[in-house]
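K.L.:
Here it is: the structure, laid out below.
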Amino acid sequence: PPDLGSREYREAEARVGSARASMQEALARQRQVAVNLGQAGLRFSRYQRLYEEGAVSKESFELARNEAEVLKKEKQAAASLLEAARYNLSAVQTFVDQTISGKPYPVIAPVNGRVLRIHEKNERLVQAGSPLLDIGDPAKFEIVLDVLSSDAVRVRPGNPVLIEEWGGDNVLPGVVKTIEPAAFTKLSALGIEEKRVNIIALLNDYEPRLGDNFRVQGSIVLREAASVLKVPVSALFRSREGWNVFVIKGDRATQRAVTIGLRGTYEAEVLKGLSNGERVIVHPANELHEGARIKAAE
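What the sequence shown shows, in my numbering, is residues 653 to 950, in sequence order.
Shown next as structure tokens:
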């Protein structure tokens with residue numbers, strides 16, 4: 653416990669004195685409002701009688717009535733202020749008593765969970781409201797994925813999520829919980845400013861190896877289909893008619909128009925224009941043309 657002449661003890665006593673003075677001020681305010689309300693009530697009763705007799709104007713009567721109503725509200729506010737001051741004095745007195753006695757002061761956590769972070773590792777006097785610990789339930793962790801704002805407009809709550817790069821060998825399935833309403837600016841790997849939006853997702857199953865602020869990467873499934881014909885996105889190029897690919901026919905390149913359905917980062921669904929098993933050229937050069945002779949790269 654602190655010495656009776658120490659600065660810590662004097663500060664504790666000053667806090668109690670300040671809280672007690674605040675309570676006395678609130679008590680005095682309540683008493684004054686009560687007196688004012690009593691006088692206003694008598695004045696209103698008198699003006700009401702005189703108004704009914706036609707001795708005072710309607711304006712004077714309404715002023716007296718409004719004054720009484722305002723003071724009633726002030727009385728309620730003064731009572732609330734006094735109650736808050738009493739509670740504050742009690743809390744400060746309890747805190748000071750614990751500080752002076754040197755006894756441990758129990759602090760009850762508002763939620764169940766594990767300690768994730770300790771803000772105050774050394775003994776010292778802290779102000780009310782100062783953070784002491786970060787506590788969370790790992791089983792209820794949220795996954796935050798930032799995506800381009802142009803992609804975020806297509807995401808909907810309930811879309812499946814696949815967490816693929818988190819350190820483990822398996823893919824962790826999840827679901828989109830919410831899309832934040834505001835974007836932020838982030839520099840890409842090439843130093844280009846991009847507008848990105850945080851997508852909040854929940855894992856389907858608890859993964860004990862994941863912790864708070866761990867880095868993960870994932871994919872959001874916007875649409876999905878089974879048994880589709882796919883082509884690498886790197887094989888697609890645009891022409892005036894639409895999407896095209898170069899199909900390998902013997903040692904020649906044949907340009908073919910295709911109709912694209914679902915499209916991902918690396919692959920696209922082919923609805924029309926290609927058959928299963930046909931070979932296409934990826935990353936076709938600008939000089940490549942219909943009927944050009946080609947040779948497979950070794």
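Every residue gets a Cβ at the ideal spot worked out from N, C-alpha and C, and that includes glycine.
Could you tell me if the beta carbon of Asn774 falls within a distance shorter than 7 angstroms of some heavy atom in the ligand SAM?
P.N.:
With respect to the ligand SAM, the structure offers nothing, as it holds no ligand at all.
K.L.:
Answer yes if the region 844-863 comes into contact with the region 883-899, meaning at least three C-beta pairs across the two stretches below 8 angstroms, and no otherwise.
P.N.:
At 8 angstroms Cβ cutoff, the stretches do not touch.
K.L.:
Any idea what DSSP makes of Arg867, helix, strand or coil?
P.N.:
Stepping through the sequence shown from its first residue, residue 867 is reached at position 215. Looking at Arg867 - three-state DSSP - the assignment turns out to be coil, as it is neither helix nor strand.
K.L.:
Sort out for me which residues DSSP pairs Asp624 with in a bridge.
P.N.:
There is simply no residue 624 to check, as the chain begins at 653 and stops at 950 in what is shown.
K.L.:
How do the region 837-853 and the region 787-804 stand: do at least 3 beta-carbon pairs fall below 8 angstroms, yes or no?
P.N.:
In short, these stretches touch, since the Cβ pair count reaches three.
K.L.:
Using 8 angstroms as the cut-off, can you tell me whether the region 685-693 makes contact with the region 723-737, which would need three or more C-beta pairs spanning the two stretches below that distance?
P.N.:
Contact between the region 685-693 and the region 723-737 is present, because at least three Cβ pairs lie under 8 angstroms.
K.L.:
Between the Cα of Val778 and those of Ala948, Val763, Arg915 and Glu663, spot the shortest distance and give me the residue it belongs to.
P.N.:
Sequence index remark: in the sequence shown, residue 778 carries index 126 (1-based). The shortest Cα separation from Val778 among Ala948, Val763, Arg915 and Glu663 belongs to Glu663.
K.L.:
Report the rounded CA-to-CA distance for Glu876 versus Ala944, giving the unit in angstroms.
P.N.:
Taking the first residue of the sequence shown as 1, we reach residue 876 at position 224. Taking the first residue of the sequence shown as 1, we reach residue 944 at position 292. Their backbone Cα atoms lie some 36 angstroms apart in a straight line.
K.L.:
Run the CB neighbour count on Tyr918, radius 10 Å, all protein chains shown included, and call it buried at 16 or more, exposed below.
P.N.:
As a working mapping, residue 918 is identified with position 266 in the sequence shown. Exposed.
K.L.:
Quickly, what does DSSP pair Ser891 with across the bridge? List them, please.
P.N.:
Your numbering for residue 891 matches position 239 in the sequence shown. DSSP output for Ser891 lists Gly894 as bridge partner(s).
K.L.:
Which of the three DSSP states, helix, strand or coil, is assigned to Asn718?
P.N.:
Locating residue 718 in the sequence shown gives position 66, where the first residue counts as 1. Asn718: helix per DSSP, three-state reduction.
K.L.:
Cβ atoms of Leu814 and Val823: under 8 angstroms apart, would you say?
P.N.:
The residue you call residue 823 lines up with position 171 of the sequence shown. The residue you call residue 814 lines up with position 162 of the sequence shown. It is a contact, given that the beta carbons lie within the stated cut-off.
K.L.:
List the whole-angstrom C-beta distance separating Ala909 from Gly894, where the pair is believed to meet the contact cut-off of C-beta under 8 angstroms.
P.N.:
For this step, residue 909 is matched to residue 257 along the sequence shown. For this step, residue 894 is matched to residue 242 along the sequence shown. Yes, Ala909 and Gly894 are in contact; Cβ-Cβ is about 6 angstroms, under 8 angstroms.
K.L.:
Could you check where the alpha helix (DSSP H) with Asp803 kicks off and where it finishes?
P.N.:
On the sequence shown, position 151 is the one that residue 803 refers to. Looking at the DSSP string, the run of the alpha helix (DSSP H) that includes Asp803 is Ser801 to Ala804.
K.L.:
Which residue marks the beginning of the beta strand (DSSP E) containing Lys924, and which one marks its end?
P.N.:
Mapped onto the sequence shown, residue 924 falls at position 272. Here the beta strand (DSSP E) through Lys924 covers Glu919 to Lys924.
K.L.:
Just the Cα atoms here: how many angstroms apart are Arg667 and Leu679?
P.N.:
To locate residue 667, count along the sequence shown from 1; it is residue 15. To locate residue 679, count along the sequence shown from 1; it is residue 27. Distance between the alpha carbons of Arg667 and Leu679: 18 angstroms.
K.L.:
According to DSSP, Val880 sits in a beta bridge with which residue or residues?
P.N.:
By one-based count along the sequence shown, residue 880 stands at place 228. In the DSSP output, where bridge partners are listed per residue, Val880 has none listed.
K.L.:
Using alpha carbons as the reference points, say which of Asn865, Pro812, Pro809 and Thr746 lies closest to Ala780.
P.N.:
Taking the sequence shown and counting its residues from 1, the one referred to as residue 780 is at position 128. The option with the nearest alpha carbon to Ala780 is Thr746.
K.L.:
Identify whether Glu663 lies in helix, strand or coil by the three-state DSSP scheme.
P.N.:
Position 11 of the sequence shown, counting from 1, holds the residue named residue 663. Helix at Glu663.
K.L.:
Taking all protein chains shown into account, do 16 or more other C-beta atoms lie within 10 angstroms of the C-beta of Gly870, making it buried, or fewer, making it exposed?
P.N.:
Looking up residue 870 in the sequence shown gives position 218. Looking at its Cβ environment, which holds 16 or more other Cβ atoms inside 10 Å, Gly870 is buried.
K.L.:
For Pro825, write down the residues that DSSP places opposite it in a beta bridge.
P.N.:
Along the sequence shown, one-based indexing puts residue 825 at 173. DSSP, once it has assigned bridges, lists Leu814 as partnering Pro825.
K.L.:
Which same chain residues, not among the five before or five after Arg808, have their C-beta less than 6 angstroms away from its C-beta?
P.N.:
Within the sequence shown, numbered from 1, the residue matching residue 808 stands at position 156. Cβ neighbours of Arg808 beyond the five flanking positions: none.
K.L.:
Which residues does DSSP list as the beta-bridge partners of Gln907?
P.N.:
If you number the sequence shown from 1, residue 907 lands on position 255. Beta-bridge pairing links Gln907 to Phe898.
K.L.:
From the DSSP output, read off the bridge partner residues of Thr837.
P.N.:
In the sequence shown, residue 837 corresponds to position 185, counting from 1. DSSP output for Thr837 lists Lys847 as bridge partner(s).
K.L.:
List, from N- to C-terminal side, the alpha helix (DSSP H) runs of 4 residues or more that fit wholly inside the region 682-713.
P.N.:
Qualifying alpha helix (DSSP H) stretches: none in this window.
K.L.:
Look at the alpha carbon of Val805 and the alpha carbon of Glu832, and state the distance between them as a whole number of angstroms.
P.N.:
Walking along the sequence shown from the start, residue 805 turns up at place 153. Walking along the sequence shown from the start, residue 832 turns up at place 180. Spanning the two alpha carbons is a distance of roughly 11 angstroms.
K.L.:
Cutting at 6 angstroms between CB atoms, please list the residues of its own chain near Leu733, excluding the five before and the five after it.
P.N.:
Translated into positions along the sequence shown, residue 733 becomes position 81. Answer for Leu733: Ala678, listed in chain order.
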